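> For the record, the sequence lines run as chains A and B.
Take the first sequence: its position 44, counted from the start at 1, is 516 in my numbering, and no numbers get skipped.
Take the second sequence: its position 592, counted from the start at 1, is 1064 in my numbering, and no numbers get skipped.
All C-beta atoms in this analysis are idealised placements derived from N, C-alpha and C, irrespective of residue type, glycine included.
Everything numeric in this text was worked out from a predicted model, so none of it was measured.
2 protein chains.
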Amino acid sequence: MVETRLTLARIVSPHSVAVIGASDDVGKFGGRVIHYLIKHGFPGRLVPINPNRASIRGLPAFPSIGAAGQVDVAILAVPVAHLLRQVEECAAAGVGACIVITGKLADAGPEGAALEAQILAVARNAGMRLVGPNCLGIFNMTDRAMLSSSLVLEAAEVKAGGIGMVSQSGALMGTLVSIGLHHGAGFSRCISVGNQADLELCDFLEYLVEDPATRVIALYIEGLKDPARFGPLLRRARAAGKPVLCVKAGRSAAGAQAARSHTASLAGSYAAFAALCRAEGAVLCEDPAVMVQAADALDRLPRLPAPGMGLAVVASSGGSTVTTADMLPAAGLRLAEMGEATRAEMRRWMPESHVHLPLDTGSFDDGTSEAGLAACVRAFLADPDIGAVVVPMTTQPAMAARAALFPGLCREGGRPVLFVMTAAEVGNAARDALRQADFPFYDRVSDALGVLRALEAEAEGRDRAALPPPARPPGIGHPPRLPAGALTEAEAKALAAAYGIPVTRGILARSVEEAILAAEAIGYPVVLKGVSRAVVHKSDLGLVKLNLPNAAALRAAYAALPDIRLEGVLVQEMARGEAELILGARWEPGFGPMVLVGAGGVLVELLRDVQLMPAPLRPEDAAAMLRRLALWPVLDGVRGRPALDVRAAVEALVRLSWLAADLGPRLIEMDLNPLLLRAAGRGAVAVDARATIGGESP
Amino acid sequence: MVETRLTLARIVSPHSVAVIGASDDVGKFGGRVIHYLIKHGFPGRLVPINPNRASIRGLPAFPSIGAAGQVDVAILAVPVAHLLRQVEECAAAGVGACIVITGKLADAGPEGAALEAQILAVARNAGMRLVGPNCLGIFNMTDRAMLSSSLVLEAAEVKAGGIGMVSQSGALMGTLVSIGLHHGAGFSRCISVGNQADLELCDFLEYLVEDPATRVIALYIEGLKDPARFGPLLRRARAAGKPVLCVKAGRSAAGAQAARSHTASLAGSYAAFAALCRAEGAVLCEDPAVMVQAADALDRLPRLPAPGMGLAVVASSGGSTVTTADMLPAAGLRLAEMGEATRAEMRRWMPESHVHLPLDTGSFDDGTSEAGLAACVRAFLADPDIGAVVVPMTTQPAMAARAALFPGLCREGGRPVLFVMTAAEVGNAARDALRQADFPFYDRVSDALGVLRALEAEAEGRDRAALPPPARPPGIGHPPRLPAGALTEAEAKALAAAYGIPVTRGILARSVEEAILAAEAIGYPVVLKGVSRAVVHKSDLGLVKLNLPNAAALRAAYAALPDIRLEGVLVQEMARGEAELILGARWEPGFGPMVLVGAGGVLVELLRDVQLMPAPLRPEDAAAMLRRLALWPVLDGVRGRPALDVRAAVEALVRLSWLAADLGPRLIEMDLNPLLLRAAGRGAVAVDARATIGGESP
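See below:
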């Protein structure tokens, strides 16, 4: 490959920019691009290209790029029929990079894909980089280089700040910048990558990780071109102290299909992506509008002191504070348990009957006292269980003055204060006061709660980053030789046992007499299972006979096995437990080995109560996965039931994760289902196992 | 009681209004009240009361209310120390009603409550009505009577329209009106009821049901003074074709506590309130900001044709449509399954690969064609599975013109079109275009999805209203005589059996020999249960011995019963089933008899997967409750498992609901747990039952 002409930093911050098809008419793409460059004060050399005009917007125009002298970046928003020729001319003229706004390429079908490949080849041969096609370009707020036709640039001012963004949707990026600007957020660089023919999302993610102007990174992802790059970049961002937030398309089946047809990218497994984000401390959001507000909060507010803390809700309206408190549980948040010092402070201002959260300052003895409000918020921000304060302000007198108290209180307390201006236009003076103070606000309680959930995820990621790397547990033997294809239950269990995962004892038998000898060796009651490599769900075919108390029952069960070709029967101990888990492992193409744990048995299908993480795991990771299950209260001992052997479940999950890590892509998938979990101290045992192995035996 | 001087309609629409403590200073409450009355064009007689001024705002001022002539309504925002005297003067002067903005009465503790009682007595003796105290008054947009000091009245214009509101929080009401006005919504009358010393929420709800200017009713409720009035008023609203929406405080434990201390009202059981709303077709919202937008949608958009239909999502941004589609499942919504006619229309505009939902019009062959967009939306609005269309518009050229297409398409299609302007300020021209067209818009996809969920609840309520009233099932016997207090299992089962609910056969025995005789009569295997009126959770004490195969096992189990005083032992058939349900009934004070159904066994505690409804039920109601359970897929036959006997579960639930309705307040609570459900056609049976009876035997 030819050496590339330009670094990414120079593409985002070019010294000279040519606009192909520049125009005085802002109704045209080329007209808007040059208009926005001028309007937002592009400080470099600006070169309009238009064969029919001598000057555009007062700048000398050139008939072609070849006549324009050295140009770092050319912006092309030309009809698709002219695109190849224009790119060729740029390549010939020594342009460093083309930003191709033109669409209808790989996004429109095979014909467009062929053209995109041609253009890419032209660029690659010349060492010229491409952004797009089918993108909306780049907003560089730090250096005032608006290389884009996006209508969001109609805004009078696009504030510079710490948020860097990369997006596979240009229109969505424009919208998110608009939402951010409304809230007073500032941006460093925002890059729309479109079809990613050449430069892709991970290239710009890497650039933002290294970019000194960027403090927080927000990503809109439809599909990763090379998922293997993503995890290491998240680690580098974390090392650089830059939180990464993302919205990933394809959370729903319909969204996944639509993302595939848009920008022609494979959405990939959402669950695997989510697991990777959790493992690497990236914050996965569902709503893009919440993501940009959360990025702003991470840019301009203090971070949460630690994950898992509670919230204080305070305002001068009972209705507003109560409805906000009522919305917390569904948002995965909780009110704090206040400490005694905090209660003592509150008692100074209000009757004992009102000393609780949420705090309605209307109940203050002296009305909605400013001094009382400030004193209470100070107490909240020093309370050991209060991670953040939420202020859902309704219409009230002196809104702007009241709002203006919070930036100082927040700075002083060093914890986030989320100010919500719940009223619309009548709250604008309060909004302006906070913009003036460079302090974030929210327009909806639901937005603030979404942001808080993101802050919580960031704090969890920070916590996890402090842990040592996973360590291999002792006593892992050599995995047995593995045939390719579906393993029998006995083979799968032998594999699990080699990793120290307890499995039920079992003896393979070829006749009913062998089965009876096996049962005597194991001890009644036993389980009888028909063995066939061809059968995945043994129970569904009547191949499993449970709880056989004696030889007569065993004979009867043997005789009742269905009439299909069996490779033998497995006689097993009849194990019992208090709860059923499913443990699984699989190789996720692009993401690597993953393990999962969930509620087992019929609940697997019913609750979809499953946690997935990249392998290998630390014991802390495995324990955290178990705690996130809906089933957790059962494991922990619900309503007087005994706590179960969570340590044994953690141990099995960690060992399975090393099995997955060791086998790598050869382990297509493996399930231990169910793993029976007994009361604390009594262990766990896998009573069934399945696995599918790919490729060659090692 | 003295006859009251004024109807509610006249209080809301007074001919003459006195402002006690009127002032030229809008920084004071009395100054703001008179300012807003004048500013918004109050058409009646306006009387400032101020002993120190001859005129206020150019109007002749009176030294006292006694000097002011006949006055319909006096507004009091005076210090609490002067309140009693002012109310006495109003009563003496023949004022029809006082709106008391002054707070710190019952809301502030026992002293305030005593003063509130005094004021109420003064008013009652005179036949004068009270609104408040601790309220923010009344906005009457229909008749331009703004009887309030709320800052929301700073708005240049408060649009008249069909939304009537009653709120127990004045500040929240002001905020909701502000949000509504931003979105172009119009209001009829908004009433802040405060502490409800005299006139209460249900009084004004009744007024709005009858008010010709009100088409939709929105309520913010902290606690109902008289819950028994609420259900019948919801029925009257439905009969009048007026949807009722509410937010009820106390969904969370903390919210319930806070609501109690605010406005001094008991929050009551949130679950019972929610069940009543569902039964009567009222729409219960969680987020007040969503409620007001949903009320507006029900005022200005067509209704959903029927419940349970899918959605179409369409916009010119792939990112926006995909992320919107991804947000549907968590919001309880789904994309539609398009019919062939709709697909055929889409094929006219775009390649086959893009013919799916969500629709990205950027994939149109001719770009984002206006004709194509209109044609596709028309096809959507005629599709049998598309109930509504969501348009999440991002920044794009000609936003206002594009937005202006939708009011006409919506009117023409007769189904809701929810237009979301996802960008902030840069989308204001589109917002203005829609305000101009008197058409709702949303600023957040999450708001639009919340509104759609409310529209869905309204459609469900409409559907249910078309059903005939519940009919008593045949074969209900006389309930046995019931002792007060906790029933034994045998007594509770006899009660259930009298209503035709199948229960396990059981024989009470007093010795092991009697128990063996009983087991022989019933047939092995049997269950042995120790009977004690003092024990609620028999299993926890080891009083239940399952699956005893023969007399020896029965003897051993009998001997192993714990050493506590027993009233005997119950020998029962060992019943088996495929799933466990819990059925329950209770008397809910204020709301009446309720029945519940949920996942039984350990899942009760774990999933809190429970549905509650007022008794008695129709079979359709019982079936709908089962379908709403998380457990439903198990009942319906998940992954190749057999479907269970849902008809038997419906039958048992309906019969239990009649039991609850017949016993009324005597039935404190009753549980059938578990009710074992067998495969379809094989019935159900309650294997355990508990009940607590209050008061006298009939």
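Rounding to the nearest angstrom, what Cα-Cα distance links L1033/A and P1146/A in this structure?
22 Å
> Can you list, in chain order, the residues of its chain whose CB lies under 7 Å from that of D759/A, leaving out five sequence neighbours each side?
G922
> Looking at the C-beta of E694/A, does it have a partner C-beta in chain B at a distance below 9 Å?
yes
> Using a C-beta to C-beta distance shorter than 9 Å, which residues of chain A count as neighbours of A1024/B?
Those do not exist, as A1024/B stays about 14 Å from chain A at its closest Cβ, beyond 9 Å.
> Sort out for me which residues DSSP pairs M1066/B with in a bridge.
R1058/B, P1086/B
> Under 9 Å between the Cβ atoms of D838/B and W821/B?
Taking 9 Å as the cut-off, the Cβ atoms of D838/B and W821/B count as close.
> Given a limit of 8 Å on CB to CB distance, which residues of the region 1099-1116 of chain A reach chain B?
A1102, L1103, P1105, V1106, V1110, R1111, G1112, R1113
> Can you check which of these residues, L881/A, D919/A, A1096/A, P486/A, is closest to A751/A by C-alpha distance?
A1096/A
> By DSSP, does G933/B sit in helix, in strand, or in coil?
helix
> How would you list, in chain order, the residues of chain B whose beta-carbon sits under 9 Å from the beta-carbon of R641/A?
It is Ser, not Arg, that sits at residue 641/A in the sequence shown. Neighbours of S641/A on chain B, chain order: S789, G790, G791, S792, V794, T795, T866.
> How should Q908/A be labelled, buried or exposed, when 16 other C-beta atoms within 10 angstroms of its C-beta is the threshold for buried?
exposed
> Does the Cβ of S983/A have 16 or more other Cβ atoms within 10 Å, making it buried, or fewer, making it exposed?
exposed
> How is M822/B classed by DSSP in three states: helix, strand or coil?
coil
> In terms of residue numbering, what span does the beta strand (DSSP E) encompassing M865/A cover?
Note, M865/A: beta strand (DSSP E), 858-865.
> Going straight from the alpha carbon of L1042/B to that of G978/B, what length do you get?
6 Å
> Just the Cα atoms here: how many angstroms apart are V889/B and T614/B?
27 Å
> Where G609/B and S641/A are concerned, what is the direct C-alpha to C-alpha distance, given to the nearest angstrom?
If you take the alpha carbons of G609/B and S641/A, they lie about 48 Å apart.
> Report yes or no: is there a C-beta of chain A within less than 9 Å of the C-beta of I571/B?
Not one chain A Cβ lies under 9 Å of I571/B.
> Residue range of the beta strand (DSSP E) that E1172/B falls in?
For chain B, the structure presents residues 473 to 1170; residue 1172/B sits outside this window and is missing.
> Quickly, what does DSSP pair K1001/B with across the bridge? List them, please.
V1016/B, L1042/B
> If you compare alpha carbons, which of R1005/A, P1114/A, A847/A, G541/A is closest to G885/A?
Here the closest residue by C-alpha is A847/A.
> With burial defined as no fewer than 16 other Cβ atoms inside 10 Å of the residue's Cβ, what is the status of P444/B: buried or exposed?
No answer is possible for residue 444/B: the residues shown for chain B start at 473 and end at 1170.
> In terms of residues, what are the limits of the beta strand (DSSP E) holding M618/B?
617-619
> Taking any Cβ of chain A, which residues in the region 752-779 of chain B have a Cβ under 9 Å from it, in chain order?
For the region 752-779 of chain B, the set of residues with a beta-carbon nearer than 9 Å to any beta-carbon of chain A comprises E758, D759, P760, A761, V762, in chain order.
> Could you spell out where the alpha helix (DSSP H) holding V681/A opens and where it closes?
673-682
> By the DSSP assignment, the alpha helix (DSSP H) with Y1030/A in it spans what residues?
1023-1031
> Between R701/A and the rest of its own chain, which residues show a CB-CB distance below 7 Å, the 5 nearest in sequence each way excluded?
Excluding residues within five positions, the ones whose Cβ falls inside 7 Å are C674.
> Can you give me the start and stop residues for the beta strand (DSSP E) that D1143/A sits inside?
Residue range 1139-1149 is occupied by the beta strand (DSSP E) that includes D1143/A.
> Report yes if the C-beta distance between E986/A and V794/B is below 9 Å; otherwise report no.
no
> Can you pull the chain B residues whose beta carbon is under 7 Å from the beta carbon of M799/A, in chain order?
Neighbours of M799/A in chain B, taken as residues at a C-beta separation under 7 Å, are given in chain order as E758, D759.
> How should H826/A be labelled, buried or exposed, when 16 other C-beta atoms within 10 angstroms of its C-beta is the threshold for buried?
buried
> Please classify N1019/A as buried or exposed, where buried requires at least 16 neighbouring CB atoms within 10 angstroms.
exposed
> Please report how far the alpha carbon of L644/A lies from the alpha carbon of H487/B, in whole angstroms.
53 Å
> CA-CA distance, D915/A and R887/B?
29 Å
> Would you call the region 795-804 of chain B in contact with the region 949-957 of chain B, where contact means no fewer than 3 C-beta pairs closer than 8 Å?
no
> Cα separation between S621/A and V489/A?
Computed Cα separation, rounded: 14 Å.
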